[in-house]
Amino acid sequence: KQWYQRRVRGWFESEPLRATLATDSVIGSWHGPSTPGSSYVLLHHIMGGVGDREGAWAYVEGGMGAVSNSIASAAMAAGATIKTDAGVEMINVNDNKVCGVTLHDGTVLESNVVLSNATPKVTFLDILDSGILPADYLSHIKTIDYTSPVFKLNVAMDRIPTFRGHKNGPGDTPGPQHQGTIHLNSESIDMVDRAFADACQGLPSERPIIEMTIPSNVDPTLAPPGHHVSSFFIQYVPYKPANGEWTEERKDAFVKTVFSQVDEYAPGFSDSVVGYDALAPPDLERIFGLTGGNIYQGSMGLDQLFTQRPTYLTPAYTTPISGLYLCGASTHPGGGVLGAPGRNCSKVVLQNKHK
2 KQWYQRRVRG
12 WFESEPLRAT
22 LATDSVIGSW
32 HGPSTPGSSY
42 VLLHHIMGGV
52 GDREGAWAYV
62 EGGMGAVSNS
72 IASAAMAAGA
82 TIKTDAGVEM
92 INVNDNKVCG
102 VTLHDGTVLE
112 SNVVLSNATP
122 KVTFLDILDS
132 GILPADYLSH
142 IKTIDYTSPV
152 FKLNVAMDRI
162 PTFRGHKNGP
172 GDTPGPQHQG
182 TIHLNSESID
192 MVDRAFADAC
202 QGLPSERPII
212 EMTIPSNVDP
222 TLAPPGHHVS
232 SFFIQYVPYK
242 PANGEWTEER
252 KDAFVKTVFS
262 QVDEYAPGFS
272 DSVVGYDALA
282 PPDLERIFGL
292 TGGNIYQGSM
302 GLDQLFTQRP
312 TYLTPAYTTP
322 ISGLYLCGAS
332 THPGGGVLGA
342 PGRNCSKVVL
352 QNKHK
């Protein structure tokens, strides 16, 4: 810890700036800013870009679902058929070669190539007969770390928040302070470390790290006039609290804690809330298939990166089953709205088909 803070303080004078960088080094990860390897998570979040701006992030008009819709439109224009609400019951294999999938309704889709965007746990332990996998490969799959510290909160508000020290625009309209990522409860690196220490005891952080965005301030399609939506990315919480499960009552109590702490920065925020959707790690797992609630389909620790993602035992994106590939965030280079794992996987599929 002393080495980390000495290095950060050697580069930056402002403690809030140091802490802001620290929060970007722990996003979605079960570690603190002083944990070895946290610097990679920071790099991972700034190595991309938007347009010509390196390291920049942006809002998607219409919400993040617009990205999926755009990809789907391009795929269908190229001749693809997309089935939704069609869960996979089983990946079918014959003589160690994939031959298609069986859906929950019994429909069988035949193919000699199957790409799985699910986590390795779901792919190999839930929808595949794991008994056909080599023992060493199966052992690696079972030991992948999916620990997640993330609590996701989507909030509808009847007005834009007013932050202390910042005036809203004319007519209570959004200002520059509403446009980027808003970091709360993270004025110092020590605050981030303390939040992580709480979770290591099996309890939600007493003062959780809050990253808040208000996309409706730049995208009016997301809310009625004068109203807004906000997205909260909150750490740290355990998958299973030491003193019980994530019941609706426990989630609501945690949300009230978060809202009361936002009130300290933006008085009256709680009163502006007209509704919210709260997702603890088990909800992220149940709804989105994210094992352990991990947004990266597996920890981004140094032991699960590059050739180790998800295992070194097979070439990247391939599996021990001929024709079965992994194309999601569990593969290199990992999570985020990158598209890189899928693009890389598709290249490997094409190369193998032409051999």
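Letter by letter, the sequence shown follows residues 2 to 356 of the working numbering. All C-beta atoms, glycine included, are put in the ideal place defined by N, C-alpha and C.
Within 10 angstroms of its Cβ, does S331 collect 16 or more other Cβ (buried), or is it exposed?
-> One-based indexing of the sequence shown puts residue 331 at position 330. S331 should be labelled buried.
Helix, strand or coil at S232 [DSSP, three-state] | Along the sequence shown, one-based indexing puts residue 232 at 231. S232 falls in the strand class under three-state DSSP.
Would you decide whether P37 is buried or exposed? Buried here means 16 or more other CB atoms lie within 10 Å of its CB.
-> Counted from its first residue, the sequence shown places residue 37 at position 36. Answer is exposed; the Cβ neighbour count stays below 16.
Three or more C-beta pairs closer than 8 Å, one from the stretch 315 to 335 and one from the stretch 172 to 181: is that the case here?
-> no
Enumerate in chain order the residues of its own chain whose CB-to-CB distance from T108 is below 8 Å, with the five nearest sequence positions on each side excluded.
-> Counting from 1 along the sequence shown, the entry for residue 108 is found at position 107. These residues qualify, in order along the chain: A87.
Stretch-stretch touch, CB-based, cutoff 8 Å, three pairs: the stretch 129 to 137 with the stretch 184 to 203 | no
If we ignore side chains and look at the alpha-carbon of each, how far apart do C342 and V102 end up?
-> Numbered from 1 along the sequence shown, position 341 holds the residue referred to as residue 342. Numbered from 1 along the sequence shown, position 101 holds the residue referred to as residue 102. The identity of residue 342 in the sequence shown is Pro, whereas the question assumes Cys. C-alpha separation (whole angstroms): 22 Å.
Y266 by DSSP, collapsed to three states: which one?
-> Mapped onto the sequence shown, residue 266 falls at position 265. Here Y266 sits in helix by DSSP.
Where does H184 sit, in a helix, a strand or coil, going by DSSP?
-> Residue mapping note: residue 184 aligns to position 183 of the sequence shown, counting from 1. Note: H184 maps to strand in three-state DSSP.
Test item: CB-CB of V275 and D159 under 7 Å = Against the sequence shown, residue 275 aligns to sequence position 274. Against the sequence shown, residue 159 aligns to sequence position 158. Yes, these two residues count as a Cβ contact at 7 Å.
Would you mind giving the Cβ-Cβ distance between I190 and I210, rounded to the nearest angstrom? I have them listed as a contact below 8 Å.
-> What you label residue 190 is simply residue 189 of the sequence shown in a count that begins at 1. What you label residue 210 is simply residue 209 of the sequence shown in a count that begins at 1. Their Cβ separation, rounded to whole angstroms, is 11 Å, which puts I190 and I210 out of contact at 8 Å.
Sequence ranges, beta strand (DSSP E) only - wholly within the stretch 284 to 356, length at least 3 | 325 to 327
Taking 8 Å as the threshold, find out whether the stretch 211 to 222 comes into contact with the stretch 37 to 56 through three or more Cβ pairs.
-> no
Less than 7 Å separating the beta-carbons of V230 and A157?
-> As a working mapping, residue 230 is identified with position 229 in the sequence shown. As a working mapping, residue 157 is identified with position 156 in the sequence shown. Their beta carbons are under 7 Å apart, which means V230 touches A157 by this criterion.
Kindly confirm or deny that the stretch 293 to 305 and the stretch 11 to 30 touch, where touching means at least three C-beta pairs closer than 8 Å.
-> yes
State buried or exposed for W12, treating a residue as buried only when at least 16 other CB atoms are found within 10 Å of its CB.
-> What you label residue 12 is simply residue 11 of the sequence shown in a count that begins at 1. Exposed: under 16 other Cβ atoms inside 10 Å.
Completely contained beta strand (DSSP E) runs for the stretch 63 to 139, where each covers 3 or more residues = 89 to 95, 98 to 104, 109 to 111, 115 to 117
Go through its chain and collect everything with a Cβ distance to F389's Cβ below 7 Å, but skip five positions before and after it.
-> Residue 389 lies beyond the residue range present for the chain, which begins at 2 and ends at 356; the question has no answer from this structure.
Are the stretch 138 to 145 and the stretch 112 to 125 touching by the rule of at least three beta carbon pairs closer than 8 Å?
-> yes
Buried or exposed (CB count within 10 angstroms, at least 16 for buried), Q352 | As a first step, residue 352 must be located in the sequence shown, where it is residue number 351. Classification of Q352: exposed, given that the 10 Å Cβ count is below 16.
Rounded Cβ spacing between P150 and V263 (contact assumed at less than 8 Å) = Walking along the sequence shown from the start, residue 150 turns up at place 149. Walking along the sequence shown from the start, residue 263 turns up at place 262. Contact flag wrong, Cβ pair sits at about 19 Å.
Between T21 and M301, what straight-line distance do the alpha-carbon atoms span, to the nearest angstrom?
-> Start at 1 with the first residue of the sequence shown, and residue 21 comes out as number 20. Start at 1 with the first residue of the sequence shown, and residue 301 comes out as number 300. Going from the Cα of T21 to the Cα of M301 covers about 19 Å.
For the candidate residues P17, H46, G172, G170, whose alpha-carbon lies nearest to that of D25?
-> Taking the first residue of the sequence shown as position 1, residue 25 is located at position 24. Checked all of P17, H46, G172, G170; the closest Cα to D25 is H46.
Residue from C100, V9, Y41 with nearest C-alpha to L303 = Counted from its first residue, the sequence shown places residue 303 at position 302. If we check each option's Cα against that of L303, Y41 comes out closest.
If you run the structure through DSSP and keep just helix, strand and coil, what is Y41?
-> Your numbering for residue 41 matches position 40 in the sequence shown. Helix, per DSSP.
Output the distance between the C-alpha atoms of P135 and E62, rounded to the nearest integer angstrom.
-> Here residue 135 refers to the residue found at position 134 of the sequence shown. Here residue 62 refers to the residue found at position 61 of the sequence shown. Cα-Cα distance, rounded: 45 Å.
Taking the alpha carbon of G340 as the point to measure from, which residue in P242, G170, I72 has its own alpha carbon closest?
-> The residue given as residue 340 occupies position 339 in the sequence shown. It is I72 whose Cα lies nearest to the Cα of G340.
Take G290 and list the residues in its own chain whose beta-carbon comes closer than 8 Å to its own, dropping the five residues that flank it on each side.
-> As a position in the sequence shown, residue 290 is number 289, starting the count at 1. Correct list, in chain order: A119, T120, V123.
Ends of the alpha helix (DSSP H) at F197?
-> Numbered from 1 along the sequence shown, position 196 holds the residue referred to as residue 197. It spans 190 to 201 - the alpha helix (DSSP H) in which F197 sits, taken as one unbroken run.
Could you give the C-beta distance for R165 and Y240, rounded to a whole number, given that I count them as a contact under 8 Å?
-> Here residue 165 is taken as the residue at index 164 of the sequence shown, counted from 1. Here residue 240 is taken as the residue at index 239 of the sequence shown, counted from 1. The Cβ separation is near 34 Å, so there is no contact.
Thinking C-alpha only, which one of T315, Y277, T320, W247 is nearest D284?
-> Numbered from its first residue, the sequence shown carries residue 284 at position 283. If we check each option's Cα against that of D284, W247 comes out closest.
Express the C-alpha separation of P311 and G335 in angstroms, rounding to a whole number.
-> Within the sequence shown, the letter at position 334 stands for residue 335. Within the sequence shown, the letter at position 310 stands for residue 311. Taking the straight line joining both Cα atoms gives about 10 Å.
Give the secondary structure of L22 by DSSP, where H, G and I count as helix, E and B as strand, and everything else as coil.
-> Walking along the sequence shown from the start, residue 22 turns up at place 21. Three-state DSSP puts L22 in a helix.
Under a Cβ-count criterion, where at least 16 other Cβ atoms within 10 Å of its own Cβ denotes burial, should S69 be classed as buried or exposed?
-> For this step, residue 69 is matched to residue 68 along the sequence shown. Exposed: under 16 other Cβ atoms inside 10 Å.
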